[in-house]
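Q: Sending over a structure as structure tokens; questions will come in a sec.
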Amino acid sequence: MIEVEHLTRQYGALTAVREVGFRIERGEVVGLLGPNGAGKTTIMKMMTGALEPTSGTVRLDDLVMGQDTAAIQQRIGYLPENCPLWPEMTVIDYLAYMAELRRIPPEQRDRAIAKSIRRTDLAEKAGDRIDTLSRGYQQRVGVAQALLHEPELLILDEPTNGLDPAQIHQMRDLIRDLAQDATVILSTHVLQEVQAVCERVLIMRSGSLAVDEKLVDLTASEGVDMVISGSGNPAAVLESVSGVTEVIDRGADHQGHRYRLSGTDKAVPAAVNALVGVGFSVHAVEPRRRDLETLFESVIQEASHA
1 MIEVEHLTRQ YGALTAVREV GFRIERGEVV GLLGPNGAGK TTIMKMMTGA LEPTSGTVRL
61 DDLVMGQDTA AIQQRIGYLP ENCPLWPEMT VIDYLAYMAE LRRIPPEQRD RAIAKSIRRT
121 DLAEKAGDRI DTLSRGYQQR VGVAQALLHE PELLILDEPT NGLDPAQIHQ MRDLIRDLAQ
181 DATVILSTHV LQEVQAVCER VLIMRSGSLA VDEKLVDLTA SEGVDMVISG SGNPAAVLES
241 VSGVTEVIDR GADHQGHRYR LSGTDKAVPA AVNALVGVGF SVHAVEPRRR DLETLFESVI
301 QEASHA
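If you count by the working numbering, then the sequence shown holds residues 1 to 306, one letter each, in order.
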């Protein structure tokens, strides 16, 4: 659906985004994750046409940003990090104004506004001035304006920023609901946001894309750690087992010698049997699994050492 190729943005000598590329298919819910200053907001702005890239392209199906900007923007709903609300306006008046700016035909505006208000649960606040609303309700107003034209793609920049725990929970529920009808890309520096609502994560590091993975793949096994004792060469035994793809010597400690083993699911019990069969003692078999937190921490550490 939307594809980013070699996207780069420079501010003088500073490169805020460097050669970023990814493709997001229709119906996906994708989290753009990274620490503050990693380039998330810059990417969001370039994807919506609010900021021109120094180089690279953004495509929505067969449309190219810069050539078909207006047509692309008609299909995108955008919640900026700091949504420009008019504090002295009521919710419904603000949405009517935004519907006019969106060039929604006059005969369709009332229906579009009513639907946005219903989807964001703003009915009780529709007549209230925006400056009297809590931060959570103001974010809902920002989402409501992004929905007015029923976009195919929703781009949400830090949608839970500044919300209290109850409001965060409500916003997550809202995003899940919106994802039933649209492709959703949300940026955040909070791991829990991605884990709660996304099926895929893009992790930014110092302006570059460091990780692009589905969350389900992050929990895949990375093999096991074995603690072994006995005389001989256990590594040679492990490497001879069918299905074993890698054996890493992790060194010895007071429990025994540690080896990291990668391979098929059947390789682990076969390896244990092979070791015991030739006289080794296996004291521990510890499965290793990745998760988003450890992956994110490793990315940040790599950035700090770069």
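For each residue, glycine too, the CB sits at the ideal point set by N, CA and C. All figures in this text were calculated on a predicted structure; none of them were measured in a lab.
Quick check: the Cα distance between Val91 and Thr57, rounded to an integer number of angstroms?
A: Going from the Cα of Val91 to the Cα of Thr57 covers about 36 Å.
Q: Look up Arg212 in the DSSP assignment and say whether it is helix, strand or coil.
A: Per the sequence shown, the amino acid found at residue 212 is Asp instead of Arg. Asp212 falls in the strand class under three-state DSSP.
Q: Measure the CB-CB distance between Leu79 and Ile72 and report whether it falls below 8 Å.
A: Not in contact: Leu79 and Ile72 (Cβ atoms no closer than 8 Å).
Q: Label Glu193 either buried or exposed according to how many other C-beta atoms from any shown protein chain fall within 10 Å of its C-beta, with 16 as the threshold for buried.
A: Glu193 is buried by the Cβ-count criterion.
Q: Threshold first: 4 residues or longer. Then list the alpha helix (DSSP H) segments lying entirely within the segment 251-279, N to C.
A: As far as the segment 251-279 is concerned, its whole alpha helix (DSSP H) runs of at least 4 residues are 267-277.
Q: According to DSSP, simplified to helix, strand and coil, what is Arg172?
A: Helix, per DSSP.
Q: In the structure shown, what three-state DSSP assignment does Glu25 receive?
A: In this structure, Glu25 counts as coil in the three-state DSSP scheme.
Q: By Cβ distance, which residues of its chain are closer than 8 Å to Glu199, with the 5 residues on each side in sequence left out?
A: Around Glu199: Glu28, Val29, Val30, Lys214, Leu215 and Val216.
Q: Report all residues from its chain with a CB closer than 7 Å to the CB of Ile76; omit the five preceding and five following residues, and keep chain order.
A: If we look at Ile76 and ignore the five residues flanking it on each side, its Cβ neighbours are Thr48, Pro151, Leu153 and Ile155.
Q: Taking CB distances under 8 Å as the criterion, tell me whether Met98 reaches chain D.
A: Here there is only one protein chain, and chain D is not present.
Q: Can you name the start and end residues of the alpha helix (DSSP H) that Thr69 belongs to?
A: Thr69 to Gln73 is the span of the alpha helix (DSSP H), which, as asked, contains Thr69.
Q: When you compare each of Trp86, Ile203, Ala50 and Ser231 to Asp131 by their alpha carbons, which one comes out closest?
A: It is Trp86 whose Cα lies nearest to the Cα of Asp131.
Q: Quick check on Asp62: does DSSP put it in helix, strand or coil?
A: Three-state result, Asp62: coil.
Q: According to DSSP, simplified to helix, strand and coil, what is Val190?
A: Note: Val190 maps to coil in three-state DSSP.
Q: Under 8 Å Cβ to Cβ from Thr15, same chain only, skipping five residues before and after it: list those, please.
A: Same-chain partners within the cutoff: Thr8, Arg9 and Gly207.
Q: I'd like to check one pair, Val278 with Val244: are the Cβ atoms closer than 8 Å?
A: No, Cβ-Cβ distance for Val244 and Val278 is not below 8 Å.
Q: With a 10 Å radius around its C-beta and 16 neighbouring C-beta atoms as the bar for buried, classify Arg205 as buried or exposed.
A: Arg205 should be labelled buried.
Q: Helix, strand or coil for Leu14 per DSSP?
A: Of the three classes helix, strand and coil, the one that applies to Leu14 here is strand, per DSSP.
Q: Beta carbon of Met44, beta carbon of Arg26: below 8 Å?
A: Against a cut-off of 8 Å, the Cβ pair of Arg26 and Met44 comes out as no contact.
Q: Buried or exposed for Arg159, going by 16 or more other Cβ atoms inside 10 Å?
A: According to the sequence displayed, residue 159 carries Pro and not Arg. The residue in question, Pro159, is buried, as its Cβ has 16 or more Cβ neighbours within 10 Å.
Q: Quick one: give me the first and last residue of the beta strand (DSSP E) that Ala284 is part of.
A: Element bounds for Ala284: Ser281 to Arg289.
Q: Using only the alpha-carbon positions, how far apart do Gly136 and Arg59 sit?
A: So the two alpha carbons sit approximately 32 Å from each other.
Q: Is DSSP giving Ile104 helix, strand or coil here?
A: Three-state DSSP puts Ile104 in coil, outside helix and strand.
Q: Taking its Cβ as the centre, do 16 or more other Cβ atoms sit within 10 Å of Tyr259, making it buried, or is it exposed?
A: Classification for Tyr259: buried.
Q: Checking 8 Å against the spacing of the C-beta atoms, do His189 and Asn36 come in under that value?
A: Going by C-beta atoms, His189 is nearer than 8 Å to Asn36.
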